[in-house]
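Worksheet: the structure to be examined is printed underneath.
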Amino acid sequence: MTLSPPERAALADVLDPLGLPLADLRTRAAHHGDEPPLDTDLALGLAARTAVLAQAVAAAELGALRGGPVQSVSLDRNVAIYALCCGLFQSCYGQDMTMASGAAAPLSDFYQAKDGRWFHPMGTYPGLRDGALALLDCANNPEAIARAVGTRDALDWEEAFAAANLAGAMVRSRAEWEAHPQGKALAAAPLVTVEKIAEGTPQPLSKGARPLSDLRVLDFTHVIAGPILTRTLAEQGVDCLRISAPAHADPQAFLLETGWGKRAAYLDFHRKGDLQRMRDLALKGDVFVQSWRPGAMAEFGLGAEDLAAALPEGHPGLIHVSVDSWGRTGPWAGRKGFEQLAQSVTGVALDEGQGGKPRYVPTGLLADYLAAYLGAAGTIAALIRRAREGGSYRVHVSLARVTMWSQTLDGPGRQPGAPFPTEQGLPPSVERDSPFGLLRHLAPFAQFSATPGDWALPPCPPGRHDARWLDRGGRV
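Here the sequence shown is numbered in UniProt numbering, starting from 1 and rising by one per residue.
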């Protein structure tokens, strides 16, 4: 088992800027097996392997820093591609619970506008769906949506959706996006930002049973990248508490995909006392992860600087992690966005369509999972810095930026007609009884030599638990 020169170069390009130079690490990283052919020009396999391995190497390094064993970590090239679409292969008592069913609404597709260009609206949540249908002035079926989109030019629809605070984008080529002000802003930004925002006294972490044992992660995210990031951290032992509001639940199939390794509680910021409870949880935690628009958390006093300044004496420092669509700067920074729109504007969907109707990559999803794994790597890198030099840190990753990164990797080339799922078959899965029933899900992909990836808890319904932390030893 080893890394090829392109694999090593890609991994170093991710880890070195995070302060984890690959040449200096104790952890041994490797891949084994052969990469399956795919019907795409993108290096999906290399992107998936690099992102998953980056967070695994970072976790193993943190474990060694805490006095745990020095480990080797590896991935199987045959099946690593499935790390980009785990939610397509899950079941409950054998019944298909694929996440694709939750994303197959008529709005979530490519429609040709009056000028012949393509426009992609989104209606993931009821409010977005209803707003989009009202703006389009049409019924919720593909034929009606196609007729409505065909009445205006694609750029007109993009601007109208943005003005109405809705989600939709015109399909662009890669060259068009690279010339766009938002594309330029993202190209100038790091792939993953890890920024020290407050000083603090170093407090080395005590030895844990697993690399991330006894670390508290407050998860205030929604579909999909944010909760996959925290699910990834849960593979190696964090106490993850996911917070949601009763009126803003993710679709059940998405909860089954993202809920592994977490407790789940309700807090409603419009209810007296709940916002203060949220702040108290954040100030007693190690990591706070949110996936709302830039600036939204600051409006509630939950921004990175707000929380860092309010930490109690003796707190080692907070890692504040943000996942968004378009980045923190540029004209689109405050716009709503989703995975499908990132593929649309960056040129990925146009290239995948090969001159016809745009289409998604063979795995369906791309940026949501890449951002999750890369964001997890950045989070763990910040925890390592906190242990060594103290302080609080801001970590940031965006869907469009990681999509652009995936376009820079060299792959094996398109294999027209290559099937997905691949002929090699599905990777190993785990089966666990849960409040939802008997669930089957793809197992963690990164293979650790001493602390195999695992989730302590199966998914549970929102609000299942009280909004409080476990003791550091795991007891309430």
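Positions of the beta carbon are idealized from the N, C-alpha and C atoms, including for glycine.
- DSSP places Leu-75 within a strand segment (E or B) once states are collapsed to three.
- Straight-line measurement puts the Cα of Ala-296 at about 22 Å from the Cα of Ala-382.
- Taking the C-beta atoms as reference points, Met-404 is found no nearer than 8 Å to Thr-329.
- Within its own chain, the residues whose Cβ lies closer than 8 Å to the Cβ of Gly-150, once the five positions on either side in sequence are excluded, are Tyr-111, Gln-112, Ala-113, Lys-114, listed in chain order.
- With contacts defined as CB atoms closer than 8 Å, Pro-211 and Gly-63 qualify as a contacting pair.
- Pairing Pro-227 with Asp-239 gives a Cβ-Cβ distance that is not under 8 Å.
- Burial is judged here by how many other beta carbons sit within 10 angstroms of a residue's own beta carbon; Met-170 has at least 16 and is buried.
- Sixteen is the threshold: when 16 or more other Cβ atoms of the shown chains lie within 10 Å of the Cβ of Tyr-373, as they do, the residue is buried.
- Looking at the backbone, the Cα of Arg-263 and that of Cys-460 are separated by about 7 Å.
- Our two residues, Gly-67 and Ala-376, have alpha carbons roughly 21 Å apart in a direct line.
- It is roughly 28 Å from the alpha-carbon of Thr-422 to the alpha-carbon of Gln-236.
- For Leu-218, no alpha helix (DSSP H) segment is defined; the enclosing uninterrupted segment is the beta strand (DSSP E) at 216-220.
- Each residue's CA atom was taken as its position, placing Ala-148 and Pro-362 some 28 Å apart.
- Pro-21 is the residue among Pro-21, Leu-155, Arg-174 whose C-alpha sits nearest the C-alpha of Glu-61.
- Here Ala-105 has Gly-123, Arg-129 as same chain residues with Cβ atoms under 7 Å from its own Cβ, once five neighbours each way along the sequence are excluded.
- Relative to the Cα of Thr-40, the nearest Cα in the group His-441, Gln-447, Leu-350 belongs to Leu-350.
- In the displayed model, Lys-284 falls within coil according to three-state DSSP, outside both helix and strand.
- Apart from sequence neighbours up to five positions away, the residues of its chain that approach Leu-281 with a beta-carbon distance below 6 Å are Leu-218, ordered along the chain.
- Secondary structure at Gln-252: helix, using DSSP grouped into helix, strand and coil.
- Of the candidates Leu-75, Asp-16, Ala-450, Ala-249, the residue whose Cα lies closest to the Cα of Thr-2 is Leu-75.
- Ser-392 and Glu-313 have their C-alpha atoms roughly 13 Å apart.
- Two segments are said to touch when three or more pairs of C-beta atoms, one from each, lie closer than 8 Å; by this definition the region 452-470 does not touch the region 71-89.
- Under the DSSP assignment, Tyr-369 falls in the alpha helix (DSSP H) whose first and last residues are 367-389.
- Per DSSP, the unbroken alpha helix (DSSP H) holding Met-404 starts and ends at 399-407.
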